[in-house]
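Protein chains in written order, with our numbering: chain W, 1 to 158; chain D, 159 to 498.
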């Protein structure tokens with residue numbers, strides 16, 4: 001098996017680790033880098049649990065080759081909080097009880113953060129579209145939509 | 159082509175727990191020298207909030223702040239035995255076990271405090287804020303932490319309690335078959351509105367109004383969370399999800415999330431929830447459990463609403479467009495019940 005060194009930025013810090021040939025970004029982040037916040041759901045790009053941002057664009061880590069993040073900036077749910085200060089989305093998710101089992105939450109938060117970074121005042125329809133690639137089995141989505149709108153409409157602040 | 163609107167109603171009883179073979183849960187509670195308590199359980203929190211509810215129940219029974227209770231469900235190998243998280247039994251079975259364990263631990267805690275204060279333990283009360291004081295004499299006081307430290311380091315006493323909740327195995331009457339498989343039922347009623355397209359056969363749930371009776375709602379936000387998510391799952395079971403679309407044939411069975419379809423965030427129906435609280439006699443502080451019955455009333459209500467909308471009676475779930483169209487063809491077109 002050949003190993004390839006990958007240098008990239010993870011949540012604002014420089015990182016370097018070895019990827020195996022053909023390894024996808026999700027596996028690389030979890031096994032080689034040790035960031036367990038992106039979750040393995042389906043492994044084929046249909047559930048959104050592994051959503052991360054690459055150069056500020058939301059991507060499904062299970063469908064991205066690890067080698068392709070060389071020199072790029074990757075952001076995961078683990079980087080949303082700034083020390084003890086949570087991202088407003090994390091506050092709003094707690095306030096709205098927008099998680100039960102929590103398996104979709106990390107991917108959902110990253111998708112929501114990507115949406116709000118690109119469009120700080122989305123409509124309800126735009127929020128729905130923004131998280132439509134992320135499956136949730138527990139909440140019925142409504143608390144998640146409401147939490148994102150709480151942040152977008154300024155009801156929850158950092 | 160026309161869109162037909164219909165309304166359907168359903169009411170359900172849902173059993174809490176399953177004592178056909180006996181249905182025990184055990185809990186162990188002990189204090190640490192800092193006056194904080196650990197509740198050990200082997201039942202697992204799947205996200206429904208079982209840990210939060212057991213924490214509240216332990217704090218209430220012990221008479222200490224909820225922040226001072228930690229619920230440990232880490233390991234079913236080493237923890238006290240439990241049948242598990244199923245049958246909507248968590249709050250009821252584990253909650254009752256936690257009450258018993260906490261009551262026993264509280265007794266020892268008060269004995270330790272009494273020895274320090276040189277009073278009778280029967281004269282002591284807790285304020286729920288981490289203090290124990292003599293009834294009628296609030297100045298004669300000791301903190302729970304000081305009592306726990308005295309127990310640990312001076313008195314050689316273990317502040318701990320054991321609790322089990324067991325509803326015995328129900329006998330079956332050999333003549334009538336009569337038995338009593340459960341002691342508590344939760345209840346729900348639901349009214350849904352659907353729109354049925356007679357050209358595509360598509361069924362859209364446009365509104366859900368529900369009333370759920372859950373005993374006392376020990377944690378109202380968690381109850382609402384379960385009801386909202388569970389009703390979504392019920393809607394999904396009613397009109398979308400199946401692993402065996404042509405059971406028993408495996409043809410066209412879904413193999414991934416592209417073909418196993420569920421309603422997404424754009425397919426939600428507004429859901430108006432009323433929670434009725436009728437404390438259950440044998441429930442912990444009156445609680446039962448919302449659990450699985452969150453989803454149950456949606457299915458018959460949707461099927462009844464489709465019948466109301468177009469006159470097609472569907473008796474196999476889910477209500478797919480194909481089944482609606484076959485029903486409409488057999489019926490010679492939509493026959494809305496409201497026009498009959």
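Idealized CB from N, CA, C, for every residue including glycine.
Asked: Neighbourhood of residue 494 of chain D by C-beta, 8 Å cutoff - its chain only, sequence neighbours within 5 removed; Found: 162, 164, 466, 467, 468, 469
Asked: Buried versus exposed call for residue 499 of chain D [16 or more other C-beta atoms within 10 Å across all chains shown]; Found: The requested residue 499 of chain D does not occur in the structure, where chain D is confined to residues 159 to 498.
Asked: Three-state class that DSSP yields for residue 532 of chain D in the structure shown; Found: Only positions 159 to 498 of chain D appear in the structure, and residue 532 of chain D is not among them; the question remains open.
Asked: CB contact flag (residue 192 of chain D, residue 303 of chain D, <8 Å); Found: yes
Asked: Contact check, residue 152 of chain W vs residue 109 of chain W, beta carbons under 8 Å; Found: no
Asked: Uninterrupted beta strand (DSSP E) stretches inside the region 204 to 292 of chain D (no shorter than 3 residues); Found: 227 to 230, 282 to 284, 289 to 292
Asked: is_contact[residue 498 of chain D, chain W] using C-beta, thresh 8 Å; Found: The predicted position of residue 498 of chain D is uncertain, since its pLDDT is 49 and thus under 50; no value can be drawn from it.
Asked: Coil, strand or helix - residue 123 of chain D by DSSP; Found: No information on residue 123 of chain D is available, as it lies outside the stretch 159 to 498 that chain D covers here.
Asked: Proximal chain D residues relative to residue 132 of chain W, where beta-carbon distance stays under 7 Å; Found: 422, 423, 424
Asked: Residue 12 of chain W and residue 79 of chain W closer than 8 Å at C-beta; Found: yes
Asked: Closest Cα partner of residue 45 of chain W within the set W:25, W:37, W:19, W:122; Found: W:25
Asked: Three-state secondary structure (DSSP) of residue 493 of chain D; Found: coil
Asked: Contact with chain W by residue 214 of chain D, beta-carbon distance below 8 Å; Found: no
Asked: Residue 187 of chain D (DSSP reduced to helix, strand or coil); Found: strand
Asked: Any 3 or more C-beta pairs closer than 8 Å across the region 397 to 411 of chain D and the region 335 to 343 of chain D; Found: no
Asked: Secondary structure, beta strand (DSSP E): runs of 3+ residues fully inside the region 24 to 112 of chain W; Found: 51 to 54, 57 to 60, 73 to 75
Asked: Within 7 Å of chain W by C-beta, residues of the region 386 to 402 of chain D in sequence order; Found: 386, 387, 389, 390
Asked: Sequence-distant residues of the same chain with beta carbon closer than 8 Å to residue 95 of chain W, five excluded per side; Found: 147, 150, 156
Asked: Contacting residues, own chain, Cβ-Cβ under 7 Å from residue 349 of chain D (five flanking each side not counted); Found: 165, 167, 367, 459
Asked: Cβ separation of residue 318 of chain D and residue 227 of chain D, assumed to be a contact under 8 Å, to the nearest whole Å; Found: Actually they are not in contact, since the Cβ atoms of residue 318 of chain D and residue 227 of chain D sit about 14 Å apart, beyond 8 Å.
Asked: Three CB pairs or more closer than 8 Å across the region 439 to 452 of chain D and the region 254 to 271 of chain D; Found: yes
Asked: Beta-carbon contacts of residue 135 of chain W that lie in its chain and below 8 Å, excluding the five residues immediately before and after; Found: 41, 46, 47, 48, 49, 104
Asked: Beta carbon of residue 476 of chain D nearer than 8 Å to that of residue 395 of chain D; Found: yes
Asked: Residue(s) in a DSSP beta bridge with residue 377 of chain D; Found: Answer is none; residue 377 of chain D lacks a bridge partner.
Asked: Cutoff 8 Å: residue 367 of chain D Cβ touching any chain W Cβ; Found: no
Asked: Boundaries of the alpha helix (DSSP H) in which residue 462 of chain D is found, first to last residue; Found: 456 to 468
Asked: Residue 205 of chain D: contacting residues in chain W (beta-carbon distance under 8 Å); Found: 99, 100, 101, 102, 138
Asked: Of the listed residues D:424, D:207, D:212, D:223, nearest to residue 383 of chain D (C-alpha basis); Found: D:207
Asked: Burial state of residue 3 of chain W (16 or more Cβ within 10 Å); Found: exposed
Asked: 9 Å Cβ cut-off: residues of chain W touching residue 414 of chain D; Found: 42, 44, 46
Asked: Environment of residue 393 of chain D [buried if 16+ CB atoms lie within 10 Å]; Found: buried
Asked: Closest Cα partner of residue 279 of chain D within the set D:313, D:270, D:432, D:189; Found: D:270
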